[in-house]
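I have placed the structure first, in the form of structure tokens, so that the comments after it can refer back to it.
In the numbering used here, the protein residues as written are 85 to 245.
Put into structure tokens, the structure is as follows:
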């Protein structure tokens with residue numbers, strides 16, 4: 085399983101080709117605008133702003149699971165623009181569990197197990213420069229948690245491919 089073999093559609097309908105960001109660590113977060121964890125988006129933007137020049141990429145996936153995303157793509161874009169200004173990637177709505185899950189999550193299950201699947205919005209996944217899943221965190225772990233930040237920074241300073 086390799087992250088860089090996957091792509092997503094952005095909120096505006098354009099493709100996000102992850103392979104164009106090879107050799108960059110990615111933090112992927114399944115999000116929802118009606119989650120109790122939605123305020124984490126501000127901290128996620130801060131994390132990205134502090135680390136993007138070092139190579140970190142952040143991809144957020146509004147998920148159709150957990151009954152926390154009632155908005156369509158246009159409404160999500162407006163909600164984020166008005167409440168959580170950002171410049172990281174935001175995809176269209178995707179399932180991250182179940183029969184219709186995005187192929188990335190299906191591949192993660194095949195490589196690891198179903199235990200890697202999110203049980204709630206704002207589960208965080210770190211992929212290294214090679215596109216391998218190296219760590220994941222529960223929704224209760226904040227984007228500025230020292231352990232999460234330290235793990236990301238270790239992968240940013242690592243040049244091993």
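The C-beta atom is built at its ideal place from N, Cα and C for all residues, glycine as well.
Check your understanding: Quick check: the region 153 to 167 against the region 233 to 241, are there 3 or more CB pairs under 8 Å?
Key -> The region 153 to 167 is not in contact with the region 233 to 241.
Exercise for review: Report the three-state DSSP secondary structure of residue 94 (helix, strand or coil).
Suggested key: For the purposes of this step, residue 94 is identified with residue 10 of the chain shown, where counting begins at 1. DSSP places residue 94 in strand when its eight states are reduced to three.
Point to revise | Continuous beta strand (DSSP E) stretch holding residue 114: start and end | key: Here the question's residue 114 lines up with position 30 in the chain shown. From DSSP, the beta strand (DSSP E) with residue 114 extends over 110 to 115.
Practice item. Would you check if the region 223 to 239 and the region 176 to 189 touch, i.e. whether three or more CB-CB distances between them fall below 8 Å? Key: no
Review point. Thinking C-alpha only, which one of 173, 229 and 223 is nearest residue 120?
Key: What you label residue 120 is simply residue 36 of the chain shown in a count that begins at 1. The shortest Cα separation from residue 120 among 173, 229 and 223 belongs to 223.
Review point. Are the beta-carbon atoms of residue 95 and residue 157 separated by less than 7 Å?
Key: Walking along the chain shown from the start, residue 95 turns up at place 11. Walking along the chain shown from the start, residue 157 turns up at place 73. Result yes, Cβ atoms of residue 95 and residue 157 sit closer than 7 Å.
Check your understanding: Since residue 114 contacts residue 206 with CB under 8 Å, what's their CB separation in whole angstroms?
Key -> Your numbering for residue 114 matches position 30 in the chain shown. Your numbering for residue 206 matches position 122 in the chain shown. So it is a contact: roughly 7 Å between Cβ atoms.
Practice item. State whether the region 98 to 105 contacts the region 191 to 202, with contact taken as three or more CB pairs (one from each stretch) at a distance under 8 Å. Key: These segments do not touch.
Exercise for review: Quick one: grab the DSSP three-state call for residue 39.
Suggested key: Any question about residue 39 goes unanswered here, given that the chain covers just 85 to 245.
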